[in-house]
Every structure is written in structure tokens, then in C-alpha cells.
Amino acid sequence: MIEATGVRKSFAGREVLRGIDLSVPRGSVTCVIGPSGSGKSTFLRCVNRLERPDGGRILVDGDPIGYEPYRDGLRELRRRDLARQRRDIGMVFQRFHLFPHLTALANVVEGPVGAGRPRAEATKEALALLDRVGLADRRDAYPAQLSGGQQQRVAIARALAMRPKLMLFDEPTSALDPELVGEVLDVMRGLAADGMTMLVVTHELGFAREVADEIVFFDDGQILESGPPSRVLTAPEHPRTRDFVTRVL
Ligand code: ADP
Ligand code: MG
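The sequence shown maps to residues 1 to 249 in UniProt numbering.
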């Protein structure tokens, strides 16, 4: 579902992604771990083209992200076409970014209706999604009336409403009070069990161990180590991975 090769990105002459190769098979869960500043968020933002890589390429479901076929080759997508391509990729951030003036239900309905789906159909589906994240009874609540965990669950429902092919999560529980982390991870566990392809940046190593098919350790803009949780988390090969894992656990 994701095939990244040689992805590079610099900011102001400093290289923060130094050739990332990563593939995420359809229906699998990959967890990205690693120290702060190692390029995890930048890589996720390259996958849905919130950042434009300086080099390498990223295919999502076979399509080069940010490009379209043109004559014999490819050309860069214009802004509006990029937005259409991006709809296939759900993203959930550390901060929930819900529309504060809209109810939970309206937050979920907004995207699909904006993309041209009939409102009645979008509303029906949004209600089912709110139910799926355990918030059917809070459909009329505004974000300020919801806990952080509930807001994040609405944010997940909102991303799912676009019927994405894959979901990117960037530290979705890092801004939450500890007692609210579990309810969000439960929703993510459910998504994984339903076969959603997921790329998840997280410090929740317990979750990663249990749910991830593959763990990828980022360090200083490179992938230092990757493999199944049983190896990378339990018997890391690289001293820096070992260091990180023992510090976070
Ligand atoms: P992580 O998510 O692993 O903590 P980031 O991808 O956020 O790391 O950041 C990697 C490096 O790139 C950091 O040094 C950060 O300061 C820098 N960086 C990220 N985004 C920008 C930006 N828009 N402009 C300049 N520097 C940035
Ligand atoms: Mg980050």
C-alpha cells in the first residue's frame, strides 16, 4: 500500500530525511518509533504530501504521490488534484484539529459532503462511524464538551469518513492524559483488526508490540533497524535502538 524509496528532505540545508526506504503491505500495521527530531513526522507528512520530498519517491496503492501520468512520464499534480489524491490517505495528528464550532457529527459529515457525497448518505455513515469509535451518544456535543480522548476518537471517525485506503497516525495519544490513552488505542486496535493499513508513529511500545506487524526505528533521518516487534523491541540489534527501547519502556 505504501512503497517509499530513497526519500530525502532538507530544511534550510539540513537533511532531516536521509534516504528512507519503507514498504507497508496492504492490511498491515507498521509502527514508527525513534527519538524526537529523528524525522518521523516529516516522513508521514511526505507520505500524504503535506511536505514535498527533495528526492526519492512514494507510491501509495501504486500511484506516485504528488504526480500524475503525463505523456510518457509524470508531472506534478496541481493543488486541487493533490487534494483529491490526499483523500485516500487518512491522517490523525497529536492535536485533534476538530472544527470547534461544529458538533461531533457535523465534524465527521463535513469532509464527505465537501467531497460531493449526498448529505443524507454521509450522515448515515457518520453515525455508524461515531458508533464504531464508541461515541454515538455524543453526536451532538461540541469539541469543547468532549474529553481529549473523545475528541481524538471523533478525529479518527472524521478521517475514516473519507473512506481512506490507509491511515497515518502521528503520536495520536501523546497529547492525552494517561487515563484517556487506552480508549484511543482500543479504537486503533479495532481498525487494525478490521484490516486497515496503518502507519503509526507512537511511543506506546506496548501497543506497538501487540498490534504492529513491523516496527521501524528512526534515528537522525534514517531507518536504523526494522523488523517484527518480537525482534526490534525484544532483542534490538543496534545499540541506539536498545537504548531507546529501554528508555521508553
Ligand atoms: P520527529 O517527528 O521525529 O520528532 P520531525 O520530523 O518533526 O521529527 O523533525 C525532524 C527535524 O526536522 C527536526 O530537527 C525539526 O526541527 C525539523 N523540521 C521539521 N519540520 C520543519 C520545518 N517545517 N522547517 C524547518 N525544520 C523542520
Ligand atoms: Mg513528530
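Every residue gets a Cβ at the ideal spot worked out from N, C-alpha and C, and that includes glycine. This structure is a prediction, so every number in the text was calculated from the model and none was measured.
Per DSSP, the bridge partner or partners of residue i
i	result
Pro64	Leu59
Asp170	Val201
Gly73	Tyr70
Arg158	Paired residues: none, contrary to the question.
Gln145	Answer by DSSP bridge pairing: none, since Gln145 is not bridged.
Ala4	Leu22 and Ile58
Gly90	Met167
Glu225	Phe217
Thr30	Leu199 and Glu214
Leu105	Answer is none; Leu105 lacks a bridge partner.
Arg14	Phe11
Buried versus exposed, by CB contacts within 10 Å (16 or more), residue i
i	result
Glu121	exposed
Tyr70	exposed
Asp170	buried
Arg84	exposed
Ala126	buried
Ala212	buried
Asp194	exposed
Phe218	buried
Gly221	buried
Ser38	buried
Leu249	exposed
Pro236	buried
Phe244	buried
Lys124	exposed
Pro239	exposed
Glu204	buried
Gly149	buried
Neighbourhood of residue i by C-beta, 6 Å cutoff - its chain only, sequence neighbours within 5 removed
i	result
Pro25	none
Pro143	Leu98, Pro100 and Gln151
Ala157	Val108, Leu129, Leu130 and Val133
Arg209	Pro229 and Leu233
Residues near residue i in its chain [Cβ-Cβ closer than 8 Å; skip 5 each side]
i	result
Val47	Ile2, Ala4, Ile58, Val60, Ile65, Ile89, Leu168 and Leu199
Val165	Note on identity: in this sequence residue 165 is Lys, with Val being the wrong assignment. Met1, Val60, Asp61, Asp88, Ile89 and Thr197, listed in sequence order.
Beta-carbon proximity list for residue i, same chain, < 7 Å, skipping 5 on both sides
i	result
Thr42	Lys9, Val16, Leu17 and Glu51
Ala141	Thr103 and Ala104
Thr241	Phe217, Leu224, Glu225 and Val232
For residue j and residue i, believed in contact at Cβ under 8 Å, the rounded distance
i	j	result
Leu130	Arg139	6 Å
Arg117	Leu82	In fact, because the Cβ distance is near 20 Å, the residues do not count as touching under 8 Å.
Leu191	Val184	The Cβ separation is near 11 Å, so there is no contact.
Val32	Val187	19 Å between Cβ atoms; not a contact.
Count Cβ pairs between the region 94-102 and the region 172-181 that sit closer than 8 Å; are there 3 or more?
With a cut-off of 8 Å, the region 172-181 and the region 94-102 count as touching, because enough Cβ pairs lie within range.
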